[in-house]
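So the structure is just underneath, and the comments pick up after that.
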Amino acid sequence: MTEHDIIDRLSFLEKKVIIALRELDCPTPEEVLTEAGLNQLVEVMNAASWLQAKGLITIEEKITRKYSLKSSENARKELPEKTVTRTILTVFNGKATTSQLKGSDTFKPSELQIALGWIRKKGWGEFSKEGSDTIVIVTQKGRDALDTEGEDERLIKQLIDGDLMEEDVDMDAIGQLKQRKDFLSERLVTERRLALTESGSKIAALDIDIKEEIGQLTPELIASGGWRDVEIRRYDVKAFAPVIYGGRRHPITLLIEKIRNAFLNMGFSEITGDYFESAFWNMDVLFTAQDHPARELQDTFYLSNPDKVDLSNDAELVDIVRQVHENGWKTGSLGWRYAWSLEEAQRTLLRTHTTVNTIRRIAEDPKLPFKVFSIGRVFRNEAMDSTHLPEFVQIEGIVCEEDANFGMLCTLLKEFYRRMDIPKIRIRPSYYPYTEPSLDVEIFFNDQWMELGGAGIFRPEVTEPLGVHAPVLAWGFGLERLAMPVWGLNDIRDIYISDIDWLKKMPQV
Ligand code: PHE
């Protein structure tokens with residue numbers, strides 16, 4: 011921008027302030043107000059802050075102490091030590107005892123106390139004891155003091171004329187006045203001074219043409235045709251403006267949408283399920299042994315009301331699953347070889363994974379081929395820390411088709427994470443009771459490998475009872491764990507803390 015462009019973009023008030031600054035050396039806003047012939051200090055300050063934002067002036071702030079008298083009536087009275095000294099000289103010939111002085115009606119007893127204190131401090135009197143009485147003899151200094159004006163008295167006079175700033179006063183005298191009760195008040199005031207910057211001085215040196223401008227075109231101006239004669243202030247599209255944040259969707263909602271689209275685009279359909287489940291569907295159908303540690307109360311939230319469900323609608327499957335657990339049924343497996351308990355299977359719980367959604371989907375309609383996914387909340391009875399939440403969202407899915415194989419599964423997982431902008435994942439062997447082979451997907455994040463989820467091919471113990479004889483590729487990933495590297499979060503809990511600043515700044519795409 012040339013200097014002329016800069017001048018062009020100055021408002022009427024800004025121009026006035028710049029011109030005033032040509033004449034004054036580091037003035038206060040009040041001085042600028044007078045010099046520029048403006049009406050209100052806010053006009054100066056408004057223009058000044060814009061000029062400061064444009065780099066044309068600086069506004070220096072200095073905090074100083076300002077002194078004023080608490081009561082000027084009090085201050086107009088003679089200092090009590092003077093009155094008392096004079097009384098000792100004139101009434102008692104220069105020497106008096108405190109009891110004599112107490113009898114005087116020229117001052118109050120409380121004033122006498124204060125006066126004696128100051129006489130001692132200022133060396134106006136010599137004090138000695140006589141029995142229980144104290145004698146005061148006025149010194150030469152005391153005599154001289156009566157005809158001269160002390161530093162403190164001079165300061166009081168100045169203060170009667172008006173408040174004083176720190177730099178204009180004698181600090182010793184201030185110190186003395188501060189010791190007197192209810193006399194002086196001290197306030198901190200901010201003093202501002204405006205000064206042209208180097209580029210401001212260049213602008214100020216040029217010819218600045220001042221015209222009254224209007225900032226807003228009103229209906230009246232349009233109707234009357236008055237707009238023809240006024241100068242309208244031009245917009246500065248580069249001017250600083252506060253960022254305004256409107257309502258927006260939670261980043262998790264947006265991430266879920268992105269995941270949903272990724273699967274839909276890969277030809278999957280979406281399925282859902284309930285939070286409330288039976289142990290049978292959540293675990294037994296998935297060939298998870300009834301004494302498996304994941305079934306323990308400290309890992310699973312069991313419900314007490316209702317504490318069991320009736321499985322009679324699924325009686326046929328229940329009987330097959332019992333046999334699968336006990337002896338492998340027709341799957342070729344030996345099973346877990348224990349006595350399976352219907353009671354254990356009837357227990358109610360909050361689903362611990364969304365694998366229950368996909369397994370129910372297979373049971374409902376086992377006709378091949380199909381591929382489905384679900385995104386849903388799961389619950390685990392475990393302690394919260396920087397990578398664990400007791401409630402989190404799982405991204406689940408299965409591919410059911412005749413020729414599905416492990417290579418397809420790995421490719422699919424990599425492709426999904428690539429679409430989530432995670433180019434590099436690690437796949438390593440793992441164990442789940444319902445898959446063989448099983449794998450875990452990990453990402454290198456914050457200097458260590460973090461598990462994103464598990465996957466595998468459902469075992470025949472899982473698929474055969476449901477009438478599926480083909481390999482089923484299955485996986486379940488954590489949504490929040492995925493969000494961590496995507497958003498660069500070190501703590502998983504930050505996602506749900508709802509820090510307004512964070513929410514405002516998260517990109518909406
Ligand atoms: N259900 C497993 C979990 O919650 C993930 C998984 C799903 C593993 C499907 C293998 C197959 O961690």
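Residue numbers for the sequence shown follow this note's numbering, so the first one is 11 and each next one is one higher.
Idealized CB from N, CA, C, for every residue including glycine.
- When the Cα atoms are used, W237 and Y506 turn out to be separated by approximately 54 angstroms.
- Per DSSP, reduced to three states, the secondary structure at P439 is strand.
- For Y427, the uninterrupted alpha helix (DSSP H) run begins and ends at F416 to R429, by DSSP.
- Following the DSSP letters along the chain, one finds W346 in no alpha helix (DSSP H), marked with neither H nor E.
- Around D192, the same chain offers K80 as residues with beta carbons nearer than 7 angstroms, after the five sequence neighbours per side are excluded.
- Within the chosen limit of 7 angstroms, the ligand PHE does not reach the beta carbon of H302 with any heavy atom.
- Selection F102, M460, M418 and F416 evaluated against I435 yields M460 as nearest (Cα-Cα).
- The alpha carbon of F22 has as its nearest neighbour, out of M394, D284 and D219, the alpha carbon of D219.
- At the C-beta level, L359 and L313 come within 8 angstroms of one another.
- Straight through space, the alpha carbons of L206 and K64 are spaced by roughly 11 angstroms.
- A distance of 8 angstroms or more separates the beta carbons of L344 and M418.
- V319 is classed as buried because its beta carbon has at least 16 other beta carbons within 10 Å across all chains shown.
- Per DSSP, reduced to three states, the secondary structure at S59 is helical.
- Judged by pairs of C-beta atoms under 8 angstroms, the region 265–273 touches the region 421–431, as three or more such pairs exist.
- In summary, P481 is buried, with 16 or more beta-carbon neighbours lying within 10 Å of its beta-carbon over all protein chains present.
- Between Y441 and F468, the CB-CB gap reaches or exceeds 8 angstroms.
- By a beta-carbon distance limit of 8 angstroms, W134 contacts E91. Their separation comes to about 7 angstroms.
- As computed with DSSP, C36 is found in no beta bridge at all.
- The Cβ-Cβ distance between I166 and A85 falls below 8 angstroms.
- M276 sits in coil when the DSSP states are folded into three classes, being neither helix nor strand.
- Take the alpha-carbon of F389 and the one of A251: they are about 45 angstroms apart.
- Taken in chain order, the complete alpha helix (DSSP H) segments of 4 residues or longer contained in the region 454–505 are 470–473 and 489–497.
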